[in-house]
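Trainee: Attaching a single structure in structure tokens format; questions to follow.
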Amino acid sequence: MFSHVMVGSNDIEASRTFYDAIFAVAGAKPGRTDPKGRLIYAHDGGLFMVTQPIDGQPACHANGGTIGFAIASPEQIDAWHSAGVAAGGRNCEDPPGIRESGVFGKLYLAYLRDPAGNKLCALYRYP
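Add 1307 to the 1-based position in the sequence shown for my numbering, that's all there is to it.
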């Protein structure tokens, strides 16, 4: 259904530090910058991009929006969360851990806000 996800940033270098750190945990390469100054990550067939808004207005996070990343294990999620906090992200929601859901079953989740305030979730679904 999705071809890519793009978020806004007012500080591309702070975003690069943050996203390089959390994506490295999942085995992704550091971001590349295209000729328009957008930061691009390609991993497992997906694209995640960071850009300054093209309308010249300040970037802001989506209130109520969350971008979720599939992660291979609870241990990798803990490392993802730690790397994100160390690289300028902020913890949000509950601490990383198991959540039970009647709809989705047993999940291991962690939430962060990136340096621009975008809300991210790392998710591992138990078999």
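No residue lacks a Cβ here, since even glycine has one placed at the ideal position from N, Cα and C.
Being a predicted model, the structure only gives us computed values, none of them experimental.
(1) Quick one: using the 10 Å Cβ neighbour count with 16 as the cut-off for buried, is K1343 buried or exposed?
(2) Please go through the stretch 1335-1382 and give each complete alpha helix (DSSP H) segment of 4 or more residues, from N-terminal end onward.
(3) Measuring CB atoms only, is the stretch 1337-1355 touching the stretch 1380-1397, in the sense that at least three cross pairs come out at less than 8 Å?
(4) A1423 by DSSP, collapsed to three states: which one?
(5) I need the straight-line Cα distance from I1384 to L1346, nearest angstrom please.
(6) According to DSSP, N1398 sits in a beta bridge with which residue or residues?
(7) Check A1333 in the structure and name its three-state DSSP category.
(8) Do you know how far the Cα of L1414 is from the Cα of W1387?
(9) Based on Cα-Cα distance, which residue from A1377, A1331, K1426 lies nearest to S1316?
(10) According to the neighbour-count rule (16 or more other Cβ atoms, all chains shown, within 10 Å of its Cβ), is Y1418 buried or exposed?
(11) Can you name, in chain order, every residue of its own chain whose Cβ lies under 8 Å from the Cβ of G1372, other than the five neighbours on each side?
Mentor: Here's the rundown:
(1) exposed
(2) none
(3) no
(4) coil
(5) 23 Å
(6) L1419
(7) coil
(8) 16 Å
(9) K1426
(10) buried
(11) N1425, K1426
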